[in-house]
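**Student:** Offset between the sequence shown (1-based) and the numbering used here: plus 4. We put the beta carbon where it would ideally sit given N, CA and C, even for glycine. Since the structure is predicted, the reported quantities are computational estimates derived from the model, not experimental observations.
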Amino acid sequence: MSLRPASLTLLAVALAFAGSAGARSTDRNQPMDTESDRQSGTFTGDSVNVLSGNVHITQGSLDVRAARAEITMRNGEAVRAVLTGGPVVLTQQMDDGTPMTARASTVDYDLKGETAVLTGNVQIQQPRGTMTGARVVYDLKSGAIESGGGEGAGRVRMHILPRTTTAPAAGKGAP
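#1: Buried or exposed: which applies to Ile75, given that a residue is buried once 16 or more other Cβ atoms fall within 10 Å of its Cβ?
#2: Look at the Cβ atom of Thr110, then the Cβ atom of Leu87, and state whether they are nearer than 8 Å.
#3: What is the rounded straight-line gap between the Cα of Gln130 and the Cα of Asp50?
#4: Ordered along the chain, which non-local residues of its own chain (more than five positions away) have a Cβ less than 6 Å from that of Asp112?
#5: Can you tell me the Cβ-Cβ gap for Thr185 and Ile128, rounded? I've got them flagged as a contact below 8 Å.
#6: With a threshold of 16 other CB atoms inside 10 Å of the CB of Leu165, please say whether the residue is buried or exposed.
#7: Would Arg78 be called buried (16 or more neighbouring beta carbons within 10 Å of its own) or exposed?
#8: Quick one: is Val52 buried, meaning 16 or more other Cβ sit within 10 Å of its Cβ, or exposed?
#9: Determine which residues share a DSSP beta bridge with Ala82 and list them.
#10: Would you call Met162 buried or exposed, if buried means 16 or more other Cβ atoms sit within 10 Å of its Cβ?
#11: In terms of alpha-carbon separation, which member of Ala73, Pro35, Gly80 lies closest to Phe47?
#12: Here's a check: name, in chain order, each residue in its chain whose Cβ is nearer than 7 Å to the Cβ of Gly152, leaving out the five neighbours to either side.
#13: Just tell me which of Arg167, Asn125, Asp114 has its CA closest to the CA of Lys145.
#14: Please report the residue range of the beta strand (DSSP E) in which Pro103 lies.
#15: Sorted by chain position, which residues of the same chain lie with C-beta nearer than 7 Å to Ala70's C-beta, five sequence neighbours on each side aside?
#16: DSSP has Gly137 in a bridge; who is on the other side?
#17: Is the beta carbon of Ser56 less than 8 Å from the beta carbon of Asp37?
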């Protein structure tokens with residue numbers, strides 16, 4: 005498959021909330037592999053390519069699983085990717101070696117506008133914390149995150165663990 009090389013890696017970056025380590029930067033230089041039960045469309049011109057049934061996309065440490073991926077092409081370049089499924093699950097190792105897992109009913113990634121919108125039971129988990137809500141919008145250019153519980157869907161929740169500090173060795177306290 006010939007998506008813009010960093011497309012899904014950038015999406016994984018979008019899922020890591022502010023202040024976190026970035027997605028593994030070497031992933032975007034790795035080949036991308038896709039598997040699905042069915043594929044229809046082309047990756048040329050102005051078209052929509054649909055991968056459906058047990059969609060599995062990998063690139064380096066990035067692993068994406070969905071029921072369906074719909075990729076919109078303009079002039080032979082991917083401009084939008086919409087992933088749906090029960091749920092869409094993205095996992096990736098960050099540059100610092102920590103894992104990140106995100107789940108949502110739908111992930112809508114605008115490659116030209118460099119924004120990712122996760123909707124429906126959004127859960128983002130990293131070792132330092134979690135974020136849950138009905139909708140998360142991430143601007144890849146600015147790093148800004150906007151999240152909301154959605155109408156009638158409750159509040160956005162975050163659980164952030166404190167940074168760990170190294171305690172002085174026994175008998176080596178401050179003078």
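**Tutor:** Taking the coordinates as given:
#1: Burial state of Ile75 is buried, judged by a 10 Å Cβ sphere holding 16 or more other Cβ atoms.
#2: For the pair Thr110 and Leu87, the CB atoms are nearer than the 8 Å cut-off.
#3: Looking at the two C-alpha atoms, the distance is approximately 37 Å.
#4: Val86, Val121, listed in sequence order.
#5: There is simply no residue 185 to check, as the chain begins at 5 and stops at 179 in what is shown.
#6: With fewer than 16 Cβ atoms within 10 Å of its Cβ, Leu165 is classed as exposed.
#7: Result: exposed.
#8: Classification of Val52: exposed, given that the 10 Å Cβ count is below 16.
#9: DSSP, once it has assigned bridges, lists Met77 as partnering Ala82.
#10: Under this definition Met162 is an exposed residue.
#11: By alpha-carbon distance to Phe47, the top candidate from Ala73, Pro35, Gly80 is Gly80.
#12: Hits under 7 Å: Gly137, Ala138, Arg139, Val160.
#13: The option with the nearest alpha carbon to Lys145 is Asp114.
#14: Start and end: 103-114.
#15: Counting only residues of its own chain and dropping the five nearest sequence neighbours on each side, Ala70 has a CB closer than 7 Å to the CB of Val59, Leu87, Thr88, Gly89, Val92.
#16: According to the DSSP secondary-structure assignment, Gly137 is paired through a beta bridge with Val126.
#17: In this structure, Asp37 does not lie closer than 8 Å to Ser56 by Cβ.
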